[in-house]
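Q: Under this note's numbering, think of the first position of the sequence shown as 768, with each following residue one higher.
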Amino acid sequence: MKNKICAVIVTYNRRKYLERLINILIKDENLSGIFIFDNCGEDDTRQYLQENLGFPELKAQMRLFESNKTGKQIFYFRNDHNSGGSGGFSKAVELAMKVEWDYLWIMDDDVLPEKDCLSYMLDGINEGHKVCIPNRTDTDYVDHATIKYSLHNPFKIRMKNRLKTIKCSEPMKRGENYVEVFAFTFEGPLISTEIVKKIGYPNADYFIFYDDTDYCRRCLEHTHVRMVLNAILHKQIIPSKEDAVSWRTYYVYRNCFYFDHTYGKNYLARNLRPFLISHSLMAQSIIRGDRLKYNILRAAYLDFKKGKMGKTVIPGELDDYLGRYNKKSVL
């Protein structure tokens, strides 16, 4: 019997990328359905869906629409606010699970799988591996597989010491088909709904960053996760290599502290490592005279200690938020 597979897409103001993605997915014979979660975008996504996928007028928010024009079940849901990537994937998976599927293929709106990507990942699924992820290596992007993630040693505070990664090209040169991994992004993981039923939905409280790492960790409690090296998925938007400090930096660190505290394998990993990471970086910021990064780190750590998760810092309002914490800043 053919597996019922649904692609779950979270989109926000990226109609041209979403259109390219959907044009690929519609042609995939292995795919039974597509679920599109619109995180309250303001572009012409709805108009495109109405004109090309047979949806009625999509003005209502918080309502689920369905179309069968392409021969696949296609669902659309428009959120009434931007809940961030974490909130989007959490709600999208929850809604998609209201229909009976065998697998969910979870992805951002700016990815582009090759035509046989899903087929190769299905070949990688077995009783011991009920989650597979694609390889994003192409001419413009070098993908890495996370083959180890330290959750024991509290003194491994630098990211390069906590993670062990390899370039995906290395096992490919050796003729290997799969790599066991310990982290993934929401850029194409294929997940058995048997696992989803056991672990629930992505954690919306992260807002952005670490929600996918968290979800992989929860998957690993019930199955192995492997990267399928010949299942190629391209990134339509190549991320910038700039390391500019911004409102995003706050979420990276706050969520990092929360993740370590949640999944650390001993008391020191859960409690000492967040302290060491935050305070060592704050000390470096003082030495460099970097007031902004110091204040961000301080707010991120204090919010973590208070259990303050979710959407806290709003883009464009970072200074106002930091001002609540840093009236007596060291710098």
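We put the beta carbon where it would ideally sit given N, CA and C, even for glycine. Bear in mind that the values here come from a model prediction, so they are computed numbers and not experimental data.
#1: Going by CA-CA distance only, name the one from 861, 825, 935 and 911 that's closest to residue 971.
#2: Secondary structure at residue 709, three-state DSSP: helix, strand or coil?
#3: Just checking, does the segment 952-961 make contact with the segment 830-846 on the three C-beta pairs under 8 angstroms criterion?
#4: Roughly how many whole angstroms lie between the Cα atoms of residue 909 and residue 1011?
#5: Taking DSSP as the reference, what is the three-state secondary structure of residue 986?
#6: What residues are listed by DSSP as bridge partners for residue 845?
#7: According to DSSP, which residues form a beta bridge with residue 832?
#8: Give the secondary structure of residue 1098 by DSSP, where H, G and I count as helix, E and B as strand, and everything else as coil.
#9: What residue does the alpha helix (DSSP H) around residue 852 start on, and which one ends it?
#10: Mind checking whether residue 1092 and residue 1080 have CB atoms under 9 angstroms apart?
#11: In its own chain, which residues sit with a C-beta less than 6 angstroms from the C-beta of residue 1060, not counting the 5 before and 5 after it?
#12: Excluding five sequence neighbours on each side, which residues of the same chain lie with their C-beta closer than 7 angstroms to the C-beta of residue 991?
#13: State the beta-bridge partners of residue 945 as determined by DSSP.
#14: For residue 886, write down the residues that DSSP places opposite it in a beta bridge.
#15: Thinking just about the alpha-carbon of each residue, which of 912, 815, 1065 and 796 is nearest to the one in residue 786?
#16: Residues in its own chain within less than 8 angstroms of residue 729 by CB, not counting five upstream and five downstream?
#17: Could you compute how far the alpha carbon of residue 1066 sits from the alpha carbon of residue 1017?
#18: Taking residue 1019 as the reference, which of 807, 926, 774 and 790 has the closest Cα?
#19: Starting from the C-beta of residue 780, find all residues in its chain whose C-beta is less than 7 angstroms away, skip the five residues before and the five after it, and write them out in chain order.
#20: According to DSSP, which residues form a beta bridge with residue 900?
#21: Do you know how far the Cα of residue 944 is from the Cα of residue 924?
#22: How long is the line joining the alpha carbons of residue 1057 and residue 893, rounded to whole angstroms?
#23: Mapping the DSSP letters down to three states, classify residue 979 as helix, strand or coil.
#24: Classify residue 1001 as helix, strand or coil using the three-state DSSP reduction.
A: On the basis of the data shown:
#1: 861
#2: Past the edges of the chain, shown from 768 to 1098, lies residue 709, and the structure says nothing about it.
#3: no
#4: 21 angstroms
#5: helix
#6: 805
#7: 843
#8: Low confidence applies here, because residue 1098 scores a pLDDT of 43, under 50, leaving its location unreliable; read the following figure in that light. Coil, per DSSP.
#9: 851-863
#10: no
#11: 1012 and 1052
#12: 895, 896 and 947
#13: 995
#14: For residue 886, which the question treats as bridged, DSSP gives no partner whatsoever.
#15: 815
#16: Lying before the first or after the last residue shown, residue 729 is absent from the chain, which here runs from 768 to 1098.
#17: 8 angstroms
#18: 926
#19: 808, 809 and 810
#20: 994
#21: 32 angstroms
#22: 50 angstroms
#23: helix
#24: strand
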